[in-house]
Structure formats: C-alpha cells, structure tokens
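Asks: To convert, note that position 427 of the sequence shown is 428 in our numbering; the numbers rise steadily by one, no gaps. Ideal Cβ placement from N, Cα and C applies to all residues, glycine included. Quick caveat, the model's predicted, so the values are computed rather than measured. I have a structure I would like to understand better, so I am pasting it below and will then ask my questions one at a time.
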Amino acid sequence: IDEIASLIDFGVPNDIVLEGLTMLDQVRREANEVPAGVETHALDAAQGGDYSLPAQIAEHAITHMQCTPSHASMLLTDPDTRDAVAGIEHWMIGGEAFPVSLAAELDAAGCRNVMNMYGPTETTIWSSTEVVSGSPNVISIGRPIANTQFYILGEGEEPLPVGVPGELLIGGEGVVRGYLDRPDLTADRFIPDPFNEAADARLYRTGDLASWKADGTIEFLGRLDHQVKIRGYRIELGEIEARLSAIEGIREAVVIAREDTPGDLRLVGYLISEASPIVDAALREALEDDLPDFMVPSAFLFLDRYPQTPNGKIDRKALPAPNAARARSTAEYKPPGSELELTIAETWKEVLYLDQVGIDDNFFDMGGHSLLVVQAHRKLREVVSDPLSLTDLYRFPTIRGLVAHLSSDGGSEEQAEKSLARGEKRRQALGRRRRRGSRE
C-alpha cells in the first residue's frame, strides 16, 4: 500500500480520488485503510453512466482517476467527458492490456501522469507499474513494486533471458494463500518458489506470456491459455463454450476474442449445429440464464467444420471474422420508415457493424453492450434534436420503442419493463456464477 501510495502521489493533501471501478474497493477491503489525507468519492451506479461524470469531476475537484483501458477510451471518445477528464492530474489504468492507441489518445487529450497498473487478483491486484508518456510504440507493464518478484520462465521452469517469451510468475508478499475450497486449482496455480530460501515462499503462475526488455522492464505479450479480459472482467472462454455446447441443437462450440476494430475487443462464437442454425437471440437468451452479459458473445457464426492446424487441432487464428450481415433475430425484419427511424438505424448499423437493422430488433440481441451503448448515445445526440439520455437506450432497446418514447415522451412501458427484467435476469446470472464458482 505504501509503495502504491508513493508511486501515484496519494499522499498529496486534500487530493481526491474518483472510483470508476471496483479495484480500489478491493484494496480498501483488504488493507482496511486509505492513505491519510485522501478523500474518495464513489460514483452512484444508479446515475446511469458517463454523462454525469463532468459534473462529478467539477463538483469534487477530482484529481485522480482509476479505470480500465476500455473505460478510459470510452471517456475520451465522448466530447462531453473528454474535456472534463483531460484536467485530471493522475490516471491509474489497469485491469486489461494497455493498447498503444490509448496512449496516443490520452496524450492528444492533454492527460498527464498516466500509469499502467498490472497485476492479477491472486497477487493482491497491483504487482507492477509503468509510467506511460507520449505515444510509445510498445506499452510495458514496468517493474515489480516493493516486496514483489517477477520471473519469466520456460517450459522447464528455467529463467529466460532478455527478449525470449515465457510465462510470467509472481512471488512476494502479495501472493495470496490460494483459492477457497479449491485445493486442486491452488496446487496447479501456486508452486514453491525455487528462488527464495523461505520454506513457505511460493510463486503464482499468471498464465501471461511476457518477456524481459533490455531496460529491465517487462513487455506483456498476451495469454498462454484461453483466458481473456473483456471490459475489465477476466473470462474463461472454455466456460462459455461449455454453456453453448449444452444448448439443444449445438454439436460443437468455439469462442474467441477478436479485435477486428482497434480498441473494440469482442467475443465471437463459432458453432456447428446438428441441424439448422439457431437464431442469435435464442442463443443469447439461453446463455443469459447462466452467464453475465460480458460473457455473452456479440456475434455467432455457424460453420460446417472448423479450420485445422497441421496437427489436427482447431486453428483459432484462421476462424473467419463476423461479416456485416444482419444478425439472426427472432423478430421479423421491419425496415425503418420515418426520418427518425432511419437516423437511429444508421447509427446502430455503424456501431454494431451491421448492414441492416429493423425497427423491432433489440440493440443488445444484435451484439450491443454497455460500451457500444455509450458510442450510440454520443452519435445520436449529434443528429437527434430530441433530448435523449443514456438510460433511454437501456429502457427502449428497439428503434420502435425509442422513437415512441422520443415522440410522445412516454414510449412503450412494456418495452421498459422487459428491459428491467432483462437487467435483473443478468444480475441473477452473475450471482449464480459467483456462487457456483465458490463451490467448484
């Protein structure tokens, strides 16, 4: 805690921290303290989104901001928040790989004192830091913080030299004892530390691929397994594949994370069906019973067979990119007719990468998620004269419902109730997943 505090100037009197995510809450619960003299303000999730952020920053004179890279990029994309966040003096960005493009965006916006924070939950969240300045070609995860050791090892657990990729293992005081009620997983991920004479010293296998740089910092190169991070959440792709394979009519399922557009990492499901393809909405509905929304793929592709490597394994790198065809929907296609419907449809096609959107198609069933909602809201505000809040896009996720709301200031109460029910269903799915994880 002292190391982090000194690195990010938490000790400056009267400085204020804006908590955009839950990482600081985790630190506070475990350390049971906040650096002396620091005032914190948590955003009320009920306020619904980033449109209230400029007011919060101005009202509380926010000086520090903590968020994921995808959240930071979203804030810099919206004109309303861009000017407000540019005045924040200290940025702590972590939870996902830090893209080079984000460094350029932050630099162009005038954001200074930007720090890349790296570390898994199993090593008490933050394990290394790196100051990011200008527009570098490569973003390093830096050097380990105090009382933390990094090792890059080969398949024989031998230390690797500069420039040679290997698995990153972490040792030191931040390594946790293990997983609750999961001795098998604990034994797999936590091993004795051969570089430390202490009898109880252990290393945590991160599953991250990394390499030493000549200056002593570390470059993050990706994952060794099929685990990815989407919108700050760590996701095991195998879990999604298992849920998809359990759906009646699905013979095989493969899920990968694609970044076909820079900064837009999405989950895509590749399926082989036993008979005819299943509509996307039905697949999402089945998944939402057990999985939170960030684990539901934004697109599904049905294939006759999977591409294979020379060794006969599925070649995930050769799986095709989703095209711009209209997603399979349970709703009959009804084209937009009025000028307002056409305007909204064009915006949706742009943010969802589709070439056709009907007025009864659900934004979220077509692959939309919270970050894309923000993009759609920003674009619609530029072309729609009627007052439009971010919450409206959640309450009325079809063009028909949204137009009715904007035209009569009322909208479809049935659609609003369905949207609320959908949100409650996803919260319940997340709760079940957490409880299931604690038992497995």
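Any idea what DSSP makes of residue 57, helix, strand or coil?
Replies: Three-state DSSP puts residue 57 in a helix.
Asks: The beta strand (DSSP E) spanning residue 274 covers which residue range?
Replies: Where residue 274 is concerned, the enclosing beta strand (DSSP E) stretches over 265-274.
Asks: Secondary structure at residue 349, three-state DSSP: helix, strand or coil?
Replies: Three-state DSSP puts residue 349 in a helix.
Asks: Where residue 223 and residue 339 are concerned, what is the direct C-alpha to C-alpha distance, given to the nearest angstrom?
Replies: Rounded to the nearest angstrom, the two C-alpha atoms are 47 angstroms apart.
Asks: Identify the continuous alpha helix (DSSP H) that holds residue 402 and give its terminal residues.
Replies: Start and end: 400-409.
Asks: What three-state label does DSSP hand residue 280 in the structure shown?
Replies: Residue 280 falls in the coil class under three-state DSSP.
Asks: Where do the N-terminal and C-terminal ends of the beta strand (DSSP E) with residue 192 fall, by residue?
Replies: Start and end: 191-193.
Asks: What is the C-beta distance between residue 377 and residue 394, in whole angstroms, given that I count them as a contact (C-beta under 8 angstroms)?
Replies: Their Cβ separation, rounded to whole angstroms, is 6 angstroms, which keeps residue 377 and residue 394 in contact under 8 angstroms.
Asks: Using the C-alpha atoms, what's the distance from residue 297 back to residue 194?
Replies: Each residue's Cα considered, the two are about 38 angstroms apart.
Asks: Give the straight-line distance between the Cα atoms of residue 115 and residue 127, rounded to the nearest whole angstrom.
Replies: Between residue 115 and residue 127, the C-alpha separation is close to 15 angstroms.
Asks: To the nearest angstrom, how far is the alpha carbon of residue 124 from that of residue 281?
Replies: Taking the straight line from one Cα to the other gives about 38 angstroms.
Asks: What's the C-alpha gap between residue 73 and residue 275?
Replies: Roughly 42 angstroms separates the two Cα atoms.
Asks: To test your reading of the DSSP string, which unbroken alpha helix (DSSP H) runs of 4 or more residues are found completely within the segment 84-146?
Replies: Within the segment 84-146, the complete alpha helix (DSSP H) runs of at least 4 residues are 101-109.
Asks: Cα-Cα, which of 192, 360, 70, 254 is closest to residue 231?
Replies: Nearest option by C-alpha distance: 70.
Asks: Work out the CA separation of residue 80 and residue 86 for me, nearest whole Å.
Replies: C-alpha separation (whole angstroms): 10 angstroms.
Asks: Does DSSP put residue 67 in a helix, a strand or coil?
Replies: It is a strand residue.
Asks: Going by alpha carbons, who is nearest to residue 168 out of 61, 185, 289, 206?
Replies: Minimum Cα distance to residue 168 is reached at 206.
Asks: So is the beta-carbon of residue 316 under 6 angstroms away from any non-hydrogen atom of the ligand MN?
Replies: Because no ligand of any kind appears in the structure shown, any question about the ligand MN cannot be addressed here.
Asks: On the three-state DSSP scale, how would you describe residue 380?
Replies: Three-state DSSP puts residue 380 in a helix.
Asks: Where does residue 178 fall in DSSP's three states?
Replies: If DSSP states are grouped into helix, strand and coil, residue 178 belongs with coil.
Asks: Can you tell which of 316, 150, 171, 144 has its C-alpha closest to the C-alpha of residue 121?
Replies: Answer by Cα proximity: 171.
Asks: Does the distance from the CB of residue 225 to the CB of residue 208 come in under 7 angstroms?
Replies: Cβ distance < 7 angstroms, so residue 225 and residue 208 count as in contact.
Asks: Which ranges would you report for the beta strand (DSSP E) in the segment 200-262 if only whole runs of at least 3 residues count?
Replies: Segments of the beta strand (DSSP E) lying fully in the segment 200-262: 203-213, 219-224, 228-231, 234-237, 251-262.
Asks: So what's residue 322 in DSSP terms, helix, strand or just coil?
Replies: Coil, per DSSP.
Asks: Alpha carbon to alpha carbon, how far is residue 54 from residue 341? Give it in angstroms, no decimals.
Replies: Computed Cα separation, rounded: 28 angstroms.
Asks: What distance in whole Å lies between the Cβ atoms of residue 94 and residue 444, which are believed to be in contact at a cut-off of 8 angstroms?
Replies: Because the chain is modelled from 2 through 441, residue 444 falls outside the range shown and cannot be assessed.
Asks: Report the rounded CA-to-CA distance for residue 358 versus residue 59, giving the unit in angstroms.
Replies: C-alpha separation (whole angstroms): 39 angstroms.
Asks: At what residues does the beta strand (DSSP E) containing residue 149 begin and finish?
Replies: From DSSP, the beta strand (DSSP E) with residue 149 extends over 149-154.
Asks: Under the assumption that residue 210 contacts residue 166 (Cβ atoms under 8 angstroms), give the Cβ distance between them as a whole number of angstroms.
Replies: Residue 210 to residue 166, Cβ: 5 angstroms. Contact.
Asks: Is residue 348 near residue 380, with beta carbons less than 7 angstroms apart?
Replies: Contact: yes.
Asks: My guess is that residue 101 and residue 117 are in contact by the Cβ rule of under 8 angstroms, so how many angstroms apart are they, rounded?
Replies: That pair is no contact at about 11 angstroms.
Asks: Measure the C-alpha to C-alpha separation of residue 271 and residue 255 and round it to an integer number of angstroms.
Replies: Rounded to the nearest angstrom, the two C-alpha atoms are 5 angstroms apart.
Asks: Within its chain, find whatever has a CB closer than 8 angstroms to the CB of residue 315; leave out the 5 residues flanking it on each side and keep chain order.
Replies: So the list reads 255, 307, 308, 309, once near-sequence residues are dropped.
Asks: Among 216, 260, 259, 252, whose alpha-carbon lies nearest the alpha-carbon of residue 490?
Replies: The question about residue 490 has no answer, for the chain in this structure spans 2 to 441.
Asks: For residue 357, which residues does DSSP report across the bridge?
Replies: Beta-bridge pairing links residue 357 to no other residue.
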